[in-house]
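Structure first, then comments.
Residue numbers (our numbering): 889 to 1031.
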């Protein structure tokens, strides 16, 4: 094998900044949240609950609380890049832990055949948020 063959068989790689990693991880979590909510529309009687108002978000306060719960990961996509490192690291650790706990609670309390997809997504989301905490915790320091 000559030098040219060795060089062409490798791929270029570069170190990805921790901010980009965190932002991408939050975006991945958000896609899982969106798909989980979308797929839940296929669960029997779910749409009827929306129409009749018989669902978990059956009051303006509950709907607003759910909105706040979902806006935080959405904002973390951007804030992970925008904020100063110390604050970005802290918020990623705090919110990563909170959302891991929430998703594990959802996974443990949603065990039913029609909701297996939701439990799976909750577990995937938990893994992603644990990785967020780990990446933020291991944020490289200046020497």
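Where is the CB? At the ideal position from N, CA and C, for every residue including glycine.
Work out the CA separation of residue j and residue i for me, nearest whole Å.
| i | j | result |
| --- | --- | --- |
| residue 987 | residue 900 | 35 Å |
| residue 1032 | residue 934 | Given that the chain is displayed from residue 889 to residue 1031, the structure contains no residue 1032 and the question cannot be resolved. |
| residue 989 | residue 924 | 17 Å |
| residue 943 | residue 1029 | 47 Å |
| residue 974 | residue 1020 | 15 Å |
| residue 971 | residue 979 | 10 Å |
| residue 919 | residue 909 | 15 Å |
| residue 922 | residue 930 | 14 Å |
Given a cut-off of 7 Å, decide if residue j and residue i are closer than it, judged by their beta-carbon atoms.
| i | j | result |
| --- | --- | --- |
| residue 968 | residue 992 | no |
| residue 914 | residue 965 | yes |
| residue 1027 | residue 906 | yes |
| residue 963 | residue 954 | no |
| residue 995 | residue 1007 | yes |
| residue 961 | residue 917 | yes |
Can you tell me whether residue i is buried or exposed, with buried defined as 16 or more other CB within 10 angstroms of its CB?
| i | result |
| --- | --- |
| residue 956 | exposed |
| residue 1017 | buried |
| residue 926 | exposed |
Assuming the contact rule is C-beta atoms closer than 8 Å, residue i and residue j should be a hit. Round their C-beta distance to whole Å, please.
| i | j | result |
| --- | --- | --- |
| residue 1024 | residue 981 | 5 Å |
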